[in-house]
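In what follows, a structure is listed as structure tokens, so that the remarks can point back to it.
In the numbering used here, the protein residues as written are 11 to 314.
In structure tokens, the structure reads:
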């Protein structure tokens with residue numbers, strides 16, 4: 011069961027890595043393909059699932075509390091440790107982001123859909139709707155330039171979050187669901203065609219981007235961060251969803267797998283744009299993605 015869940019993902023990621031290494035695609039080509047999937051195919055998948063789901067029925071307060079309170083505790087713990095070792099507040103926040111921000115779409119979602127089935131996709135999207143909003147808002151609070159006004163800081167946060175195609179597509183789909191706006195058959199069929207390659211294509215470009223990212227990595231400072239991301243955060247989520255806000259096994263699996271997903275590439279983009287700990291976050295994206303194939307096996311053995 012575990013091999014049939016993890017190996018297909020690893021094969022597609024490896025295909026992207028190897029073909030880029032062999033120069034079948036140059037960096038400009040990979041960037042173009044990445045934009046195709048992140049701005050068109052994946053948003054089409056998210057929107058179509060959310061628009062056709064019963065969002066109000068799916069939303070579960072205990073599920074959201076178990077996930078986001080756990081993230082808050084985990085972020086705070088890592089932030090405090092970083093401050094203890096004399097890092098600045100901005101460095102501590104970016105490092106804590108790297109230890110808590112998950113690649114929920116390209117890695118976590120495929121694992122969940124393979125294990126539970128496509129019908130659970132909307133449940134996942136409801137949980138991750140606030141993922142980027144929460145993570146980047148907290149981080150930007152510490153990273154924002156001291157000379158920035160409060161209005162300027164809020165503007166930067168709003169631009170980075172609400173211009174995100176993932177947030178936009180999930181939010182728009184949820185709006186269609188709540189208002190019960192039906193999708194015309196031709197639109198629904200078109201979305202199905204566009205989104206049919208979203209997961210496989212996303213995994214492929216993840217592998218390709220890992221190859222492009224590896225030269226920017228500082229692996230020495232990334233190992234502890236990766237291990238924290240893959241084991242400590244999901245442990246906190248597991249305990250919260252079992253003992254504090256008890257939920258059913260399926261929702262617990264969703265939360266733990268999302269929490270135990272590798273570091274999301276957007277964490278590196280924030281570090282790169284802020285010029286803070288770029289090499290560390292790049293290394294964590296790379297290492298945690300490789301190690302996640304083993305950590306997922308560990309968590310699935312516990313959860314199934």
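Glycine residues also receive a C-beta, built at the ideal position from the N, C-alpha and C atoms.
Review point. In the DSSP assignment, what are the bridge partners of residue 112?
Key: Partner(s): 273.
Review point. Helix, strand or coil: how does DSSP classify residue 309 here?
Key: In the three-state reduction of the DSSP assignment, residue 309 falls in the helix class.
Point to revise | Identity of the residue in 278, 244, 286 and 276 nearest residue 313 by Cα | key: If we check each option's Cα against that of residue 313, 244 comes out closest.
Check your understanding: When the distance is taken between beta carbons, is residue 108 closer than 9 Å to residue 269?
Key -> No. Outside cutoff.
Exercise for review: Let me know if residue 101 comes out buried or exposed under the rule of 16 or more other beta-carbons within 10 Å of its beta-carbon.
Suggested key: That one is buried.
**Study point:** Straight-line gap, residue 262 to residue 111 (C-alpha atoms, nearest Å)
**Key:** Going by C-alpha positions, residue 262 is about 18 Å away from residue 111.
Practice item. Return yes when the Cβ of residue 208 is within less than 9 Å of the Cβ of residue 60, no when it is not. Key: No, the pair does not count as a contact, with Cβ atoms beyond the cut-off.
**Study point:** Coil, strand or helix - residue 63 by DSSP
**Key:** Note: residue 63 maps to coil in three-state DSSP.
**Study point:** Inter-residue spacing [alpha-carbon to alpha-carbon] between residue 156 and residue 227
**Key:** With a pLDDT of 49 at residue 156, under the threshold of 50, the predicted position of this residue should be treated as unreliable, though the coordinate-derived value follows. A straight line joining the alpha-carbon of residue 156 with that of residue 227 spans about 28 Å.
Review point. CB residue 125 to CB residue 310, shorter than 9 Å?
Key: Yes, the pair counts as a contact, with Cβ atoms nearer than the cut-off.
Check your understanding: CB-CB under 8 Å to residue 302, same chain, minus the five flanking residues each way: which ones, in chain order?
Key -> Correct list, in chain order: 117, 240, 270, 271 and 272.
Check your understanding: What are the start and end residues of the alpha helix (DSSP H) that includes residue 35?
Key -> Per DSSP, residue 35 belongs to no alpha helix (DSSP H) and is neither H nor E.
Practice item. Could you spell out the range, first to last residue, of the alpha helix (DSSP H) harbouring residue 75? Key: Looking at the DSSP string, the run of the alpha helix (DSSP H) that includes residue 75 is 71-94.
Review point. Would you call the region 194-208 and the region 76-93 in contact, with 3 or more CB pairs under 8 Å?
Key: Contact fails: fewer than three Cβ-Cβ distances are below 8 Å.
Practice item. Helix, strand or coil for residue 140, going by three-state DSSP, please let me know. Key: Correct three-state label for residue 140: coil.
Practice item. Could you spell out where the alpha helix (DSSP H) holding residue 234 opens and where it closes? Key: Residue 234 -> alpha helix (DSSP H) spans 233-237.
Exercise for review: Mind the definition here: the region 251-261 touches the region 66-75 only if three or more C-beta pairs lie below 8 Å; say whether that holds.
Suggested key: The answer is yes - the region 66-75 touches the region 251-261, with three or more Cβ pairs under 8 Å.
Check your understanding: How many Å lie between residue 265 and residue 123 at the Cα?
Key -> Taking the straight line joining both Cα atoms gives about 13 Å.
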